[in-house]
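Contents: one structure, followed by commentary.
In my numbering, the protein residues as written are -14 to 487.
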């Protein structure tokens, strides 16, 4: 690790949500953490000092402000380095969860050197600045986890997984982030780098002493190793698309002509009436987006304005926004009104589906059918022949399902098709590492590109000088995933995305 500044001061922040709740936690970390808490904490009778407390113990008492007035009744956890979240001395003050109470306790911590009892602990041996005073400053976003990384308790991939855990929207994201916090990805990258480094060492040795350490006899075994490394990286990259969709949600757009049943479908998926449903065409004029969880699948569903030609300015703007959302979608749900014939509006929609995974729902099966699957497929073929798309671009459009948004007919089949389209029929990866971080994917791709250049050099029978640099580039790219090859700017940028108090 290079060019990194290691912290020497003490920080504090509210670590729970700043809102009304049963409990609020103020976290203090650094060399002055215990002494700072000692300045503002009193146990009943005032005899127990936190400086004398054993590590990983909890103490009951009260927090006092700088004037000596009681702020709150609290429990204080004392945890001594290195077995703490940050690997530093850490104190957590558990107070009542009111907004004013938490802010008052934090203020007392940040101004602990002004406490009436400050002189009593100024002579403690630990945690003093040059002037001999205790100083605590407000933590920056993500600074506690940043310290855990800088102090070597966790690697960078595990630090990023902490934020993924906090932001998890579904069970998959939760389990995957916990697995990465436990080091699942770290171990894979560490072991892969060790194998590459061992080969780099052999190559460098042969370059230094070619007469006694000829690399030529090792070429075949090196080719085999190289193929294994590339396949390991490709496998991780392949997991990234499913991982992103599973963790963040499938960007899903409901499309259809006016009054086809788009809002009814949204309400069915939501399990409640959120969108307005009327017999009047053009009721939905703006985009309505909801996060929906369906049997382990997370959908970011957008209900759009019905796509048709219109003179109404507001509705026309809604139609243009609908077209833009279609271009950005992972999945289109095309609602076809099976109780009426296909028309020009349906043809316009068919022309917009090129290149998208889509599921076509023949809605209103509770009514007499006028339009069926064959009519829809004929319309799609016509769109292809008009030059809108090649057949291969309609990869998911074979999924045409009878459906009734009003009665829920076809709902279970819709879930099954969703799993097949996006997750190969499964939503459980057990302990398999799944890449969900865009930075990790980019670095894996960069490492793979370097290894491909090594393969090209071998195929062209170039000497070790040519491919040793690319081999080292692959090694370094993998190192940046876990924080072995990073500088201060990248570390600061990553942790600035974290929430306050973490």
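Yeah, the Cβ is synthetic: ideal placement off N, Cα and C, and Gly gets one too.
As the structure is a computational prediction, the values presented were derived from the model and not from experiment.
Distance from the CA atom of residue 330 to the CA atom of residue 368, rounded to whole angstroms, is 13 Å.
About 4 Å separates the beta carbons of residue 245 and residue 322, which is inside the 8 Å limit, making them a contact pair.
In this structure the segment 421 to 435 does not touch the segment 389 to 406; the number of beta carbon pairs closer than 8 Å is below three. Note: residue 275 is bridge-paired with 286 in the DSSP secondary-structure output.
Under the rule that a run must span 3 or more residues, the beta strand (DSSP E) segments found entirely inside the segment 196 to 247 read 235 to 240. The beta-carbon distance between residue 54 and residue 157, rounded to whole angstroms, is 49 Å. This is too long to meet the 8 Å contact definition. Counting other Cβ atoms within 10 Å of its Cβ, residue 243 reaches 16 or more and is therefore classed as buried.
Counting along the chain, the unbroken alpha helix (DSSP H) around residue 425 starts and ends at 423 to 444. For residue 396, the secondary structure class from DSSP, reduced to helix, strand or coil, is helix. Proximity to residue -2 across 57, 34, 128 and 212 peaks at 128, based on C-alpha coordinates.
In the three-state scheme derived from DSSP, where H, G and I count as helix and E and B as strand, residue 344 is classed as strand. Counting only runs of 3+ residues, the beta strand (DSSP E) found wholly inside the segment 59 to 103 occupies 75 to 81, in chain order. With respect to residue 88, residue 283 sits apart: the two C-beta atoms are not nearer than 8 Å. In the same chain as residue 255, and ignoring 5 residues on each side of it, the C-beta atoms closer than 7 Å to its own belong to 275 and 277, in chain order. Excluding five sequence positions before and after residue 391, the CB atoms of its chain that fall closer than 7 Å to its own CB belong to 249 and 351, given in chain order.
Here residue 85 is exposed. Its C-beta has fewer than 16 other C-beta atoms within 10 Å.
Residue 455 carries a helical assignment under DSSP once its states are collapsed to helix, strand and coil. Sequence-distant partners of residue 0 (beyond 5 residues in either direction) whose C-beta falls short of 8 Å from its own C-beta, in its chain, are 10, 11, 12, 77, 129, 486 and 487. As DSSP reads the structure, residue 178 sits in no beta bridge.
For residue 130, the three-state secondary structure derived from DSSP is helix. Where residue 339 is concerned, there is no enclosing beta strand (DSSP E), because DSSP gives it neither an H nor an E. Secondary structure of residue 187 (DSSP, three-state): helix. Note on residue 448: under 16 other CB atoms within 10 angstroms of its CB, so exposed under the neighbour-count rule. The Cβ-Cβ distance between residue 433 and residue 219 falls below 8 Å. Taking all protein chains shown into account, residue 213 has fewer than 16 neighbouring C-beta atoms within 10 Å of its C-beta and is therefore exposed. Listed in chain order, the non-local C-beta contacts of residue 208 below 7 Å within the same chain comprise 443, local neighbours out to five positions each way being set aside. According to the DSSP assignment, residue 322 belongs to the beta strand (DSSP E) that extends over 316 to 322.
When only Cα atoms are considered, residue 384 and residue 363 end up about 14 Å apart. Just so you know, the alpha carbons of residue 356 and residue 345 end up roughly 12 Å apart. Three or more Cβ pairs closer than 8 Å define a contact, and the segment 463 to 480 meets that threshold against the segment 141 to 148. In the three-state scheme derived from DSSP, where H, G and I count as helix and E and B as strand, residue 389 is classed as strand. A residue is called buried when at least 16 other Cβ atoms come within 10 angstroms of its Cβ; residue 389 meets this threshold and is buried. Apart from the 5 residues on each side of it in sequence, residue 217 sits with its Cβ closer than 7 Å to the Cβ of 177 in its chain, given in chain order. In this chain, the beta strand (DSSP E) harbouring residue 122 covers 121 to 123. Short of 8 Å from the beta carbon of residue 478, and not among the five residues preceding or following it, lies no beta carbon of its own chain.
Cβ contact annotation for residue 406 (same chain, cutoff 8 Å, sequence separation greater than five): 316, 342, 344, 381 and 384, in chain order.
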